Amino acid sequence: MNQIVTIVMVLAVLLQFPAYAQETEAEKNIEIHGFLMGNYSRRTSSQRPDGKEGDDFLLAEERFRLDVFGWTESIEASIRFKGDLLYDHVAKEFDTDTRELYLDYTTGAFDFRLGRQIVTWGVGDLLFINDVFPKDYVAFFSGRPLEYLKIGSDALKISFHPDIFSAELVVIPFFEPNNLPESDRFLLFDPFPQISSRKKEEPNTTRENTQLALRLYRRIKEFDVSAYAYRGFWLTQNMKPDDLTAPTRVINFYPDLSVYGLSVQSAVLDGVLSFETGYYQSREDEAGKDPFIRNSQIRALIGYQRQIWQDFTADVQYYSEYMLHHEEYVENLPEGAPKLDEYRDIATIRLTQLLMHQTLKLSFFAFYSPIDEDYLIIPEVKYNITDELSVALGANIFGGPEDTPHFGQFDKNDNIYTVIKYEF
Amino acid sequence: MKRIIFGVGVMMFLVFCLALSKKAIGQDEQLSPIQIIENSQLAFYYQGDDMKAQVNMELIAKGGGKRTRVMTMLRFDETKGANQKYFIYFHKPGDVRRMTFMVYKNPAKEDDRWIFVPAVDLIRRIAADDKRSSFVGSDFTYEDVSGRDVASDNHSLLRSEKLEGQDCFVIESIPKEPTEYIKRLSWIDKKTSLPLKEEYYDAQNELYRIFTADKIEDIKVGEGTDDNVFPTVTRRTMKNLKTGHRTEVVYKSVVYNLGLKDKDFSERHMRRPPRSWIR
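Given below as structure tokens:
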């Protein structure tokens with residue numbers, strides 16, 4: 258009860274912001290915006306995870322977003338803060354989430370951005386090859402709005418724009434892994450079910466561990482072409498037992514990784530054709546002999562988007578992942594350990610229909626793997642009741658074999674979610 | 008001496024007559040319908056070398072419900088009457104704030120369109136085969152915003168008449184390829200070449216969409232004299248008679264010839280538009 262009173266009081270204070278925002282915007286070099294959002298996701302299966310977060314709701318929270326943008330007149334510089342204050346009903350706690358906080362400075366052909374920032378690279382739609390920046394799959398699988406799929410990196414980004422091409426260099430001194438579902442809130446496949454003790458070993462913040470990501474891009478005739486290079490770590494944890502003969506604990510760790518890739522996008526046949534590929538060089542196990550470190554891979558995707566009729570578009574993609582040195586991997590795999598296939602593939606389809614002067618959006622997104630026969634289907638209806646107030650209703654429907662690290666393992670986490678948002 | 012003065016006088020008279028006659032030819036029925044439409048497009052979509060404006064759109068439903076779209080629009084002409092580049096930065100509503108949108112207009116083929124979604128720092132090309140699709144949910148189509156290829160229609164001059172006191176050409180344009188209208192009538196101001204009214208007729212030959220230029224202002228160009236002005240439609244309406252929905256658009260703070268460059272219309276500026284563009 259006390260919590261509810263606190264929330265109401267906090268919201269009452271915060272609701273004063275819109276009035277303040279309008280007053281200040283006209284005169285000063287500052288823009289204040291944000292939103293209030295209720296975001297709830299109800300499980301549809303009857304099973305619950307054992308932990309204290311095994312609620313009927315996979316997600317139940319109210320968020321207040323403050324988005325402040327300030328700039329100078331004398332030089333091309335600005336500051337941006339975007340942060341959330343939230344109450345999580347599942348964990349039963351208040352929390353803060355600094356989404357972005359950075360300084361921008363532009364001089365001549367250079368742009369600098371220093372601080373926590375979201376970076377997205379590549380041409381895939383929810384499929385990532387050269388996007389080597391952290392992602393939050395917990396948010397994505399539990400029905401948060403799409404922007405929460407990306408996690409900010411604490412980094413320096415330098416963009417350089419001479420006439421013939423453009424370059425972006427992102428220097429990330431602080432390691433931030435992907436946020437993946439864990440057993441406290443999700444029912445999922447555990448390759449080490451008999452060992453309950455877990456330890457996370459993240460790379461230390463040292464000069465050698467600084468991640469570097471480089472992108473060179475330009476338009477060549479009709480094509481938007483980008484080349485990418487990354488030196489850093491796998492952002493998805495690898496798992497190994499602390500001792501092979503008598504394991505007592507599972508260590509989640511992030512081995513060295515380099516990625517080299519290319520993407521091309523162009524208008525083709527009344528639509529947009531996208532192609533992206535990348536070589537994942539797993540630097541700690543190049544021979545592929547360590548079964549607990551992911552092998553090197555080649556990834557590629559091809560996508561095509563087209564408007565079928567007015568306000569209706571369809572996107573299809575096919576993604577494939579090829580594990581190098583699969584034989585060595587299999588040879589060294591301990592007896593009884595779950596085995597990854599040499600190939601993994603995913604086909605996706607996105608259908609979007611806008612109605613009522615683009616205020617009502619019906620969308621359907623599906624991942625399906627023809628090889629693994631698992632899937633994730635996300636239908637959603639979103640309606641902008643007014644310019645400020647919107648409501649969305651959607652679902653995450655998983656299926657497929659449950660003993661793989663892919664979509665199938667989340668089969669018992671199907672959920673129906675809703676988002677109610679007031680923006681100011 | 009007198010002879011010289013007389014000679015100069017005669018010459019001046021001749022030049023004057025020539026100028027007058029040329030003006031008359033330029034202004035009247037001597038122009039072909041295609042030329043009239045081309046001039047109209049130049050006056051309406053290609054005025055100046057480049058342009059910047061704050062565009063306020065109100066989408067008004069039959070019942071009076073309103074939605075507001077506020078954006079800054081920049082335009083750069085690569086080739087007069089043909090290729091252009093557009094940049095649009097959204098200020099309102101909140102769910103599209105800071106989104107940017109870039110179009111390379113190619114009259115003879117599909118436009119190239121990109122969108123930047125700031126919340127996820129994402130640049131994406133978007134499919135754009137249908138220039139008749141609605142622009143941000145309004146009653147205006149992409150084509151209405153950036154112009155329709157003159158060669159897409161057969162044009163004929165129906166008559167000349169006065170519309171709200173202005174002498175106008177009335178041009179009938181019939182699309183060569185099937186589109187959602189079968190006929191368009193345009194009232195083009197003989198003085199400014201601006202379209203003052205357009206009527207769109209559907210397959211049943213019924214009038215279903217009307218464009219009106221509601222306010223025309225002379226926008227001063229640069230530091231020159233007051234004569235150096237571009238007449239500009241600063242208030243316009245598109246009304247759909249079948250649905251009762253209409254869109255009213257106001258162009259504010261219109262500036263011509265800012266000195267924009269071709270390379271300004273880039274991914275760099277989509278991600279980080281210069282302050283002078285959007286403030």
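Chains as they are written, first to last, in the working numbering: chain A, 258 to 681; chain B, 8 to 286. Idealized CB from N, CA, C, for every residue including glycine. These numbers come from a predicted model, not from an experiment.
Neighbours of B/ALA115 in chain A, taken as residues at a C-beta separation under 8 Å, are lacking, since the least C-beta distance is about 13 Å. Secondary structure note for B/PHE218: its beta strand (DSSP E) is the uninterrupted segment 214-227. In the DSSP assignment, the residues bridged to A/ILE634 are A/ALA623, A/ILE654. At a C-beta separation below 7 Å, A/LEU608 has no neighbours in chain B, since its nearest C-beta there lies roughly 13 Å away. Using a Cβ-Cβ cut-off of 9 Å, B/LYS99 is close to ASP644 of chain A, given in chain order. From the beta-carbon of B/PRO281, the residues of chain A found nearer than 8 Å are GLU333, THR363. Contact with chain B is absent for A/VAL389, since none of that chain's Cβ atoms lies less than 7 Å from the residue's Cβ.
The residues GLY379, LYS392, in chain order, have a CB closer than 8 Å to that of A/PHE385 in the same chain once the five nearest residues on each side in sequence are set aside. Assignment of B/PRO238 by DSSP, reduced to helix, strand and coil, places it in the strand class. Where B/GLU179 is concerned, the enclosing beta strand (DSSP E) starts and stops at 173-182. Here B/ASN46 has SER200 as same chain residues with Cβ atoms under 7 Å from its own Cβ, once five neighbours each way along the sequence are excluded. Excluding five sequence positions before and after A/SER620, the CB atoms of its chain that fall closer than 6 Å to its own CB belong to THR609, GLU637, given in chain order. Look at B/ASN90 here: in three-state DSSP terms it is coil, with no helix or strand label. Taking a Cβ-Cβ threshold of 7 Å, the residues of chain A close to B/ALA126 are GLU404, in chain order. Annotation: Cβ neighbours of A/ILE375 in chain B (cutoff 7 Å, chain order): VAL127, ASP128. Checking the DSSP bridge columns, you'll see A/PHE398 has no partner listed.
For the pair B/LYS198 and B/VAL240, the Cα-to-Cα distance works out to about 14 Å. Of the other Cβ atoms in all chains shown, fewer than 16 fall within 10 Å of the Cβ of B/ILE181; this residue is therefore exposed.
Apart from the 5 residues on each side of it in sequence, A/LEU471 sits with its Cβ closer than 6 Å to the Cβ of LEU426, ALA486 in its chain, given in chain order. Nearest in C-alpha terms to A/MET496, of all of A/VAL482, A/PHE490, A/LYS618, A/VAL507, is A/VAL507. Pairwise C-beta distances place the stretch 285-300 of chain A out of contact with the stretch 417-432 of chain A, as fewer than three of them are shorter than 8 Å.
Contact with chain A is absent for B/THR86, since none of that chain's Cβ atoms lies less than 7 Å from the residue's Cβ. Of all residues in the stretch 553-569 of chain A, the ones placed with a Cβ closer than 7 Å to any Cβ belonging to chain B are GLN562, ARG563, GLN564, GLN567, ASP568, in chain order. Nearest neighbour of A/MET580 by Cα position, chosen from A/ALA544, A/ALA604, A/THR355, A/ALA594, turns out to be A/ALA544. Residues of chain A whose Cβ lies closer than 8 Å to the Cβ of B/ARG275 are, in chain order, ASP368, SER416, HIS418, SER423.
Contact between the stretch 562-573 of chain A and the stretch 527-534 of chain A is present, with at least three C-beta pairs closer than 8 Å. Proximity of the stretch 412-424 of chain A to the stretch 666-673 of chain A falls short of the contact definition, fewer than three beta-carbon pairs being nearer than 8 Å. Contact between the stretch 117-128 of chain B and the stretch 95-109 of chain B is present: 3 or more CB-CB pairs across the two stretches fall below 8 Å.
Scanning its chain for C-beta atoms nearer than 8 Å, with the 5 sequence neighbours on each side dropped, one finds around B/THR250 the residues LYS69, in chain order. Counting along the chain, A/ASN672 sits inside no alpha helix (DSSP H); it lies in the beta strand (DSSP E) bounded by residues 672-680. When C-beta distances to chain A are compared with 9 Å, the residues of the stretch 64-89 of chain B below that value are LEU66, ALA68, GLY72, LYS73, ARG74, THR75, ARG76, in chain order. Between B/GLN48 and B/GLY154, the CB-CB gap stays under 7 Å.
Within the stretch 662-674 of chain A, no residue has a Cβ lying closer than 8 Å to any Cβ of chain B. Cβ-Cβ separation between B/GLN91 and B/THR79: approximately 16 Å, too far for a contact (criterion under 8 Å). Around B/LYS198, no beta-carbon contact reaches into chain A at under 7 Å, the shortest distance being about 35 Å. For A/GLN468, the closest Cβ of chain B is not nearer than 7 Å.
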